[in-house]
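Taking UniProt numbering, the leading residue of the sequence shown gets 1, the next gets one more, and so forth.
All C-beta atoms, glycine included, are put in the ideal place defined by N, C-alpha and C.
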Amino acid sequence: MSGSRDPLRALEELLEVIARLRGPEGCPWDRAQTHRTLVPYLIEEAYEAAEAVADGTAEEMQDELGDVLLQVLLHAQLEAEAGRFGIGEVADALRRKLVRRHPHVFGEKQASTPDAVRVQWEEIKGEEGRFRRERRGPTLVRAAKFVEVREAEGRPIPVGTRLRLPEDVADPEKLVAEILVEAAALARRLGCDPELSLQRFLAREEADG
Numbered sequence: 001m002s003g004s005r006d007p008l009r010a011l012e013e014l015l016e017v018i019a020r021l022r023g024p025e026g027c028p029w030d031r032a033q034t035h036r037t038l039v040p041y042l043i044e045e046a047y048e049a050a051e052a053v054a055d056g057t058a059e060e061m062q063d064e065l066g067d068v069l070l071q072v073l074l075h076a077q078l079e080a081e082a083g084r085f086g087i088g089e090v091a092d093a094l095r096r097k098l099v100r101r102h103p104h105v106f107g108e109k110q111a112s113t114p115d116a117v118r119v120q121w122e123e124i125k126g127e128e129g130r131f132r133r134e135r136r137g138p139t140l141v142r143a144a145k146f147v148e149v150r151e152a153e154g155r156p157i158p159v160g161t162r163l164r165l166p167e168d169v170a171d172p173e174k175l176v177a178e179i180l181v182e183a184a185a186l187a188r189r190l191g192c193d194p195e196l197s198l199q200r201f202l203a204r205e206e207a208d209g
């Protein structure tokens with residue numbers, strides 16, 4: 001796959017298909033969908049795309065990324081039909097956000113390392129004054145981001161405080177999975193829900209900054 005297909009033309013043709021599916025003579029299933037009914041598919045496709053990116057083939061990744069794009073376009077089409085915004089406004093808002101949050105590329109600020117960029121990104125995000133909805137994403141994803149931000153800020157989460165650090169790790173993924181399963185077993189023995197425990201911990205830590 002050479003990537004020689006004109007992206008703008010390809011997207012135009014895809015948008016025409018989406019509009020037709022949602023049109024008066026379109027697909028009954030697509031016409032019946034709402035933002036709420038589409039949410040489970042958005043989550044499902046995002047997970048499947050993540051799996052394809054992690055260990056899938058190029059063809060699998062292309063297919064799964066297309067499924068995520070479909071969800072984005074369907075939500076934008078619903079809003080376009082309601083007269084509020086379309087995919088053009090979504091793309092334009094994203095472009096403005098990327099320029100605003102990369103002043104080291106599009107402005108005069110300096111950020112020469114990934115950690116410096118991450119800290120700057122979070123600072124700009126905090127200064128934007130946008131409504132911050134309570135984060136409801138997967139708690140392990142939130143925890144991984146929390147750890148990443150703390151490392152970028154020079155305040156890494158210590159490892160080895162409650163876990164025994166192995167000297168040699170032949171299979172890191174297996175080790176992490178075993179630790180997580182053991183943590184879930186410990187939570188059950190202590191009468192705690194591991195999901196709620198992690199949610200509450202992250203909420204406290206994020207509130208404290």
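Would you decide whether residue i is buried or exposed? Buried here means 16 or more other CB atoms lie within 10 Å of its CB.
{"i": "residue 1", "result": "For residue 1, the predicted model reports a pLDDT of 49, less than 50, meaning its position is unreliable and no value from the coordinates is stated."}
{"i": "residue 18", "result": "buried"}
{"i": "residue 207", "result": "exposed"}
{"i": "residue 12", "result": "exposed"}
{"i": "residue 51", "result": "exposed"}
{"i": "residue 77", "result": "buried"}
{"i": "residue 64", "result": "buried"}
{"i": "residue 25", "result": "exposed"}
{"i": "residue 82", "result": "exposed"}
{"i": "residue 89", "result": "exposed"}
{"i": "residue 45", "result": "buried"}
{"i": "residue 144", "result": "exposed"}
{"i": "residue 10", "result": "exposed"}
Taking 8 Å as the threshold (C-beta atoms), are residue j and residue i in contact?
{"i": "residue 49", "j": "residue 68", "result": "yes"}
{"i": "residue 193", "j": "residue 187", "result": "yes"}
{"i": "residue 149", "j": "residue 101", "result": "no"}
{"i": "residue 31", "j": "residue 22", "result": "yes"}
{"i": "residue 205", "j": "residue 146", "result": "yes"}
{"i": "residue 93", "j": "residue 104", "result": "no"}
{"i": "residue 218", "j": "residue 169", "result": "It is not possible to answer for residue 218, since the shown part of the chain is limited to 1 through 209."}
{"i": "residue 74", "j": "residue 33", "result": "yes"}
{"i": "residue 87", "j": "residue 198", "result": "no"}
Name the residue from the options whose alpha carbon lies nearest to the alpha carbon of residue i.
{"i": "residue 201", "options": "156, 179, 140", "result": "140"}
- At which residue ranges does the segment 96-163 contain complete beta strand (DSSP E) runs of 3 or more residues, listed in the order of the chain? Counting only runs that start and end inside the segment 96-163, there is no beta strand (DSSP E) element of at least 3 residues.
Every unbroken beta strand (DSSP E) within the segment 23-60, with a cutoff of 3 residues, ordered by chain: Counting only runs of at least 3 residues, the segment 23-60 fully encloses no beta strand (DSSP E) element at all.
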